[in-house]
Amino acid sequence: MQPDGKLVAQPRSNGFDIESHTIDIKRLFPFLRWQRPSALSLRRDAWAGTSVGLVLIPQALAYATLAGMPPATGLYAAMLPSVIGLLWGSSVLLAVGPVALTSILVFGSLSSMATPGSDQWVALAIWLALYSGAIQFLLGAFQLGKISHLVSQPVIVGFINAASVIIILSQVPGLLGLSFYPSNIFSASGPPFGATPAWVLTTAFGGMSLALLIALRRFVPRAPGMLIVTILGIACSWALGYAGRGGAVVGKLPQGLPALSLPPAIPLSSHEDLWLAALILALISFTEAMSSCRILSRKTNERWDENQELIGQGLAKVASGLSGAFPVSGSFSRSALNIYAGATSAWSSLFAAACVLLSLLFLTDFISYLPYSVLAAMIIVPVSNLLDFGAFRRLFRISRDDGVVALVTFIVTLSFSPRLHFGVFAGVGLTMVSFLYRRTHPRIVEVGQHEDGTLRDRSRFNLPPLAPGVLAVRMDSALNFLTSATLERFINERRAADGAISRVLICASGINDLDATGVEALQSLLRSLQAEGVDLYFTAVKKQVWDVMERAGIVADVGAARLFATDREAIATLASMPVSPLAFAEPPFS
Numbered sequence: 362m363q364p365d366g367k368l369v370a371q372p373r374s375n376g377f378d379i380e381s382h383t384i385d386i387k388r389l390f391p392f393l394r395w396q397r398p399s400a401l402s403l404r405r406d407a408w409a410g411t412s413v414g415l416v417l418i419p420q421a422l423a424y425a426t427l428a429g430m431p432p433a434t435g436l437y438a439a440m441l442p443s444v445i446g447l448l449w450g451s452s453v454l455l456a457v458g459p460v461a462l463t464s465i466l467v468f469g470s471l472s473s474m475a476t477p478g479s480d481q482w483v484a485l486a487i488w489l490a491l492y493s494g495a496i497q498f499l500l501g502a503f504q505l506g507k508i509s510h511l512v513s514q515p516v517i518v519g520f521i522n523a524a525s526v527i528i529i530l531s532q533v534p535g536l537l538g539l540s541f542y543p544s545n546i547f548s549a550s551g552p553p554f555g556a557t558p559a560w561v562l563t564t565a566f567g568g569m570s571l572a573l574l575i576a577l578r579r580f581v582p583r584a585p586g587m588l589i590v591t592i593l594g595i596a597c598s599w600a601l602g603y604a605g606r607g608g609a610v611v612g613k614l615p616q617g618l619p620a621l622s623l624p625p626a627i628p629l630s631s632h633e634d635l636w637l638a639a640l641i642l643a644l645i646s647f648t649e650a651m652s653s654c655r656i657l658s659r660k661t662n663e664r665w666d667e668n669q670e671l672i673g674q675g676l677a678k679v680a681s682g683l684s685g686a687f688p689v690s691g692s693f694s695r696s697a698l699n700i701y702a703g704a705t706s707a708w709s710s711l712f713a714a715a716c717v718l719l720s721l722l723f724l725t726d727f728i729s730y731l732p733y734s735v736l737a738a739m740i741i742v743p744v745s746n747l748l749d750f751g752a753f754r755r756l757f758r759i760s761r762d763d764g765v766v767a768l769v770t771f772i773v774t775l776s777f778s779p780r781l782h783f784g785v786f787a788g789v790g791l792t793m794v795s796f797l798y799r800r801t802h803p804r805i806v807e808v809g810q811h812e813d814g815t816l817r818d819r820s821r822f823n824l825p826p827l828a829p830g831v832l833a834v835r836m837d838s839a840l841n842f843l844t845s846a847t848l849e850r851f852i853n854e855r856r857a858a859d860g861a862i863s864r865v866l867i868c869a870s871g872i873n874d875l876d877a878t879g880v881e882a883l884q885s886l887l888r889s890l891q892a893e894g895v896d897l898y899f900t901a902v903k904k905q906v907w908d909v910m911e912r913a914g915i916v917a918d919v920g921a922a923r924l925f926a927t928d929r930e931a932i933a934t935l936a937s938m939p940v941s942p943l944a945f946a947e948p949p950f951s
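For the sequence shown, position 453 (counting from the first letter as 1) is numbered 814 according to my numbering, and the numbering increases by one without interruption.
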């Protein structure tokens with residue numbers, strides 16, 4: 362604290378400065394950075410927040426059923442967690458709450474541990490929210506947000522497409538009145554031929570809701586399709602006595618605010634089973650939220666911090682667990698709607714949460730008539746937007762390795778449904794294998810002087826040697842334990858094929874790192890070349906590589922006369938040197 366009583370704010374600190382003993386209050390409470398709203402901005406945020414809130418209410422109910430939870434928990438997850446995520450996050454326009462991908466991850470994680478909708482299932486979902494939230498909070502607090510990059514874009518593409526297929530197929534039984542929460546999405550039971558009146562009514566409600574949502578999206582994209590279908594579905598259900606005719610409805614919801622409480626007790630074995638699932642859910646859900654933040658920042662020029670967003674997302678999940686609900690995440694669709702409706706600040710999300718609060722206080726009786734088949738339709742239509750099979754073709758066009766990673770992730774996720782985390786494991790594992798393979802096979806080429814004066818690939822541009830008896834080599838990679846043997850092998854093979862080589866030039870412009878193994882490889886190469894009367898030269902060595910070479914003594918061993926600052930200097934010097942007798946030696950027979 363300063364003498365005038367003001368707290369010192371240091372935006373990039375961790376919240377506490379040991380040297381000055383000051384607390385960065387805005388780091389601990391980032392919402393203090395919000396600008397004071399004006400009357401005009403509040404009106405715009407109120408309109409945008411109300412628009413999002415009216416869409417959020419039916420979405421929350423739908424995604425709760427997708428997660429295998431009681432519908433009311435969707436409203437709980439949409440209220441306090443959204444406010445907490447907003448207050449402690451970094452993206453003020455990111456809508457936090459129930460989302461389809463996180464909900465299906467919850468269902469997949471718990472399907473082998475309990476019966477959907479049971480008390481045990483709810484208890485497990487609460488703990489899953491707490492664990493995944495704690496993981497995200499710790500990652501953000503210790504500035505480890507970049508660990509989420511382990512889940513690469515090809516893995517995300519494969520997983521999201523597979524998860525979308527699973528979500529859509531899992532909702533078909535509910536849409537057609539067959540069976541809810543089937544243990545296998547392909548084995549739902551119901552009356553395939555002998556149609557009962559309840560089944561016909563359920564199918565009619567589900568089919569018409571699906572058709573209306575698609576039509577509204579196609580012909581009236583600006584209309585609040587979910588809200589319209591929800592109101593019509595509730596009205597028709599009440600007028601036709603849908604529940605009395607055997608149709609499944611949401612039913613009576615608890616009225617009022619959720620009671621914050623400690624999580625229920627579960628066996629230690631269940632805790633152990635949840636830890637891995639929580640880690641996968643934390644990484645996947647944050648990757649989804651991070652993608653949304655990137656897109657939103659491009660649209661609004663808003664700055665955001667991935668570590669602060671991790672803290673906000675983690676606290677939102679913890680708040681959801683303490684509210685008796687399931688894990689939440691950032692929703693791009695609602696965030697986009699928020700911007701489209703004219704939101705200017707985080708106040709719009711507070712208005713959206715207020716809409717959820719009003720629904721819990723005054724609309725529970727009205728919502729109780731909502732048919733499950735309508736909820737199924739409201740899940741299928743937005744999730745279908747996530748399907749992008751063209752992304753596989755684009756990935757294969759860019760990189761065959763990335764295309765294979767995406768395809769394997771897709772197949773494994775589908776094959777091991779509902780244990781979706783196996784798909785992520787397979788994708789991340791294959792990504793690491795592909796990464797290591799590419800690093801152990803760096804691009805190494807022999808270069809010659811191009812007509813523009815630069816050093817280019819000899820084979821690609823059909824160039825002559827740089828000078829008689831000179832082997833000029835460029836490696837576009839770090840020189841480390843993965844690549845050093847490859848460089849040595851390349852030079853030795855070229856020398857074995859051409860005995861006239863008397864000078865070797867390593868063009869180091871593409872080498873950006875050098876480790877102990879790389880140093881040993883250079884020293885070994887230098888000794889072997891000197892023993893055979895061959896000179897070793899370096900050009901365009903980067904500073905960080907030069908520093909390592911200098912500390913290792915390579916700079917002194919090579920000599921300043923054989924270390925060139927630029928490629929042009931190396932070309933001029935080597936071209937003007939007298940040709941070594943080795944240059945006229947006959948190449949060895951092979």
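In this text, a Cβ means the ideal position worked out from N, Cα and C, and glycines have one as well.
- In the DSSP assignment, I487 falls within the unbroken alpha helix (DSSP H) covering D480 to A502.
- Rounded to the nearest whole angstrom, the CA to CA distance from A604 to P732 is 8 Å.
- Between S513 and the set M651, L536 and L441, the nearest pair of CA atoms involves M651.
- For V834, same chain residues with a beta-carbon under 8 Å away, outside a window of 5 residues either side, are I805, V806, E807, V808, L848, F851, I852, R855, V865, L866, I867 and C868 in chain order.
- Sequence-distant partners of A620 (beyond 5 residues in either direction) whose C-beta falls short of 8 Å from its own C-beta, in its chain, are G685.
- The C-alpha of A495 lies about 22 Å from the C-alpha of Y424.
- Following the DSSP letters along the chain, one finds A833 inside the beta strand (DSSP E) bounded by residues V831 to M836.
- Fully contained in the stretch 738-814 are the following alpha helix (DSSP H) runs of length 4 or more, in chain order: 751-759, 761-776 and 782-801.
- Nearest C-alpha to L505 among I645, A484, P625 and Q669: Q669.
- Taking the Cα positions, S838 is about 8 Å away from D874.
- When the five nearest sequence neighbours on each side are left out, the beta carbons in the same chain lying within less than 7 Å of the beta carbon of V416 are those of P585, M587, L588, R695 and L698, in order along the chain.
- Ranked by how close their Cα comes to the Cα of I517, the residues V766, W482 and G617 have V766 in first place.
- The C-beta of D480 has fewer than 16 other C-beta atoms within 10 Å across all chains shown, which makes the residue exposed.
- Shortest Cα-Cα distance from F712 to any of F468, I418 and L644 involves I418.
- Considering only R755, L614, V831 and K660, the residue with the shortest C-alpha distance to F723 is L614.
- Looking at the DSSP output, C868 sits in a beta bridge with R835 and T900.
- In the DSSP secondary-structure assignment, L924 is bridged to F899.
- By the CB criterion at 7 Å, A714 and M430 fall outside the cutoff.
- Counting of Cβ neighbours within 10 angstroms places A639 among the buried residues, the total reaching 16 or more.
- Here the alpha carbons of L781 and L530 stand approximately 14 Å from one another.
- For S820, the enclosing alpha helix (DSSP H) covers residues R819 to F822.
- R923 is a Cβ neighbour of Y898, given a cutoff of 7 Å.
- Residue pairing by DSSP places P431 in no beta bridge whatsoever.
- Taking C-beta separations shorter than 6 Å and ignoring five residues to either side along the sequence, the partners of L843 in its chain run R800 and T801, following chain order.
- Proximity to V909 across E881, P432, A857 and D666 peaks at E881, based on C-alpha coordinates.
- The Cβ atoms of A609 and A409 lie no closer than 7 Å to each other.
- In the DSSP assignment, the residues bridged to G458 are S690.
- Taking a cut-off of 8 Å on C-beta distances, the stretch 727-747 touches the stretch 558-577, as three or more cross pairs fall below it.
- The alpha-carbon separation between D818 and L768 amounts to approximately 34 Å.
- Between S493 and P688, the gap from beta carbon to beta carbon is short of 7 Å.
- Counting the other CB atoms within 10 Å of its CB gives L629 a total below 16, which places it among the exposed residues.
- The alpha-carbon separation between P515 and S863 amounts to approximately 46 Å.
- G594 is the residue among R579, P398, G594 and Y701 whose C-alpha sits nearest the C-alpha of L562.
- In the pairwise beta carbon analysis, the stretch 655-669 is classified as touching the stretch 446-458: at least three pairs are separated by under 8 Å.
- Counting only runs of 4 or more residues that sit fully inside the stretch 569-650, the alpha helix (DSSP H) segments are 586-601, in chain order.
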